[in-house]
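Here the sequence shown stands for residues 681 to 955, where the numbers follow our numbering.
Just so you know, even glycine gets a beta-carbon here, dropped at the ideal spot from N, CA and C.
All figures in this text were calculated on a predicted structure; none of them were measured in a lab.
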Amino acid sequence: MAAPRNLTGDGGGKLVVKDEESAAASSSKRTKSERFPLSRWDFVVFFTVFLVFTTGLLCIYLTMPAAEYGKLKLPRTISDLRLLKDNLGSYASEYPARFILGYCSTYIFMQTFMIPGTIFMSLLAGALFGVVRGFVLVVLNATAGACSCFFLSKLVGRPLVCWLWPEKLRFFQAEIGKRRDKLLNYMLFLRITPTLPNLFINLSSPIVDIPFHVFFLATLVGLMPASYITVRAGLALGDLKSVKDLYDFKTLSVLFLIGSISIFPALLKRKRVYE
Numbered sequence: 681m682a683a684p685r686n687l688t689g690d691g692g693g694k695l696v697v698k699d700e701e702s703a704a705a706s707s708s709k710r711t712k713s714e715r716f717p718l719s720r721w722d723f724v725v726f727f728t729v730f731l732v733f734t735t736g737l738l739c740i741y742l743t744m745p746a747a748e749y750g751k752l753k754l755p756r757t758i759s760d761l762r763l764l765k766d767n768l769g770s771y772a773s774e775y776p777a778r779f780i781l782g783y784c785s786t787y788i789f790m791q792t793f794m795i796p797g798t799i800f801m802s803l804l805a806g807a808l809f810g811v812v813r814g815f816v817l818v819v820l821n822a823t824a825g826a827c828s829c830f831f832l833s834k835l836v837g838r839p840l841v842c843w844l845w846p847e848k849l850r851f852f853q854a855e856i857g858k859r860r861d862k863l864l865n866y867m868l869f870l871r872i873t874p875t876l877p878n879l880f881i882n883l884s885s886p887i888v889d890i891p892f893h894v895f896f897l898a899t900l901v902g903l904m905p906a907s908y909i910t911v912r913a914g915l916a917l918g919d920l921k922s923v924k925d926l927y928d929f930k931t932l933s934v935l936f937l938i939g940s941i942s943i944f945p946a947l948l949k950r951k952r953v954y955e
C-alpha cells in the first residue's frame, strides 16, 4: 500500500502547497491590477478634481433663483429633452444670464468627466437660444470641456486609456507619429469626421504628446460643423425621433467632405515630395 502524502510535515507536499498558494496570490494580484488600472494616488487626484468641480457647480446652482428642481434632470431621450425644454423655457427667458451660467457649468462638467448626454445639451441650446447663440455656446463649452478633460487625462488618464483602448491607442500613436509635420490638419480631420470618438481623442491626446495649442485649435474649429448641425436640429425637436436621425448618410458625407478639405494640403505636399 502506498504511503499517504505528508502535507503537514517537512516533506515536499508542503512546498507544493505553498507554491500553489503563492501562484494563486500572484494571479489574484494580477487580476486586481487588470481590473483597476488606476493607482491609489490616481484615485486621490481624480477625486480631488471631481470634488472641486462639484463644489463649484453646487455653488452656482445654489445662487440661482429658485426653480422646480424635481422637473430638472439630464435628458436621456428626445422625449425627456422636449419635457426639459418646456420646463426651462420661461426660466431661461426670465433669468437669461444666470441660466446661461448654469448651462455652461453643467456642460463643461459633463464634458470634463465624460458623462454621456452632451449631445442633448447641444440640442437644448438650439431649442432655447436659437442657432446663432446656441452655436456659440455649444462650441465654446465643448472646447472648454474637452480642454479640461485633456488636462485631467494628463494627470491620471494614461493607465485608464491604456487599459480601455490598448490597440486603438497604439494605432493613434502610430498615425500621429507619421503626421507630425501636419498635425493640425490631421487633428482637424479627426474632429470634423466621426473617425475616432471625441471622448477617445480628449483622453488620448496628451498621452500621445499632442501639443495643447494644436489640440485647442483643432477642437475649436473642428467641432463647428457637427455643432451647427446639432444646434440647428434643436429648433425642430418635434420632428426629431431619435439622436440617430441627426447623422444620416447625407450628413456624414458632408462631414467627411469638410474633413477631407482639412487634410488636402498634407496630401498635396506628400504628392509633391514623391514627384
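Original post:
Which residues in the same chain have their Cβ closer than 6 Å to the Cβ of D722, if we skip the five residues on either side of it in sequence?
Top reply: V836
**OP:** Note the first and the last residue of the continuous alpha helix (DSSP H) segment covering L760.
**Re:** One point to set straight first is that residue 760 is Asp, not Leu, in the sequence displayed. That run of the alpha helix (DSSP H) goes 758-774.
Subject >> From C842, I890, A913, residue whose alpha carbon lies closest to that of L718 >> reply: Considering only alpha carbons, the answer is C842.
Original post:
Is it true that the CB of L849 sits closer than 7 Å to the CB of S885?
Top reply: no
Subject >> Segment contact flag, the stretch 865-881 with the stretch 925-938, C-beta cutoff 8 Å, min 3 pairs >> reply: Result yes; three or more Cβ-Cβ pairs closer than 8 Å.
Original post:
What distance in whole Å lies between the Cβ atoms of F727 and F789, which are believed to be in contact at a cut-off of 8 Å?
Top reply: Not really, about 15 Å apart at Cβ, beyond 8 Å.
Subject >> Supposed close pair G825, Y787 - CB separation, criterion 8 Å >> reply: 6 Å
Original post:
Can L808 and A777 be called in contact, C-beta distance under 7 Å?
Top reply: no
Original post:
CB V812 to CB L903, shorter than 7 Å?
Top reply: no
Original post:
Leaving out five residues before and five after Y908 in sequence, what residues of the same chain have Cβ atoms less than 6 Å from its Cβ?
Top reply: F815
Original post:
In whole angstroms, what is the alpha-carbon distance linking L863 and T792?
Top reply: 24 Å
Original post:
Which residue's Cα is closest to the Cα of I799: P755, L763, L781?
Top reply: Closest by alpha carbon: P755.
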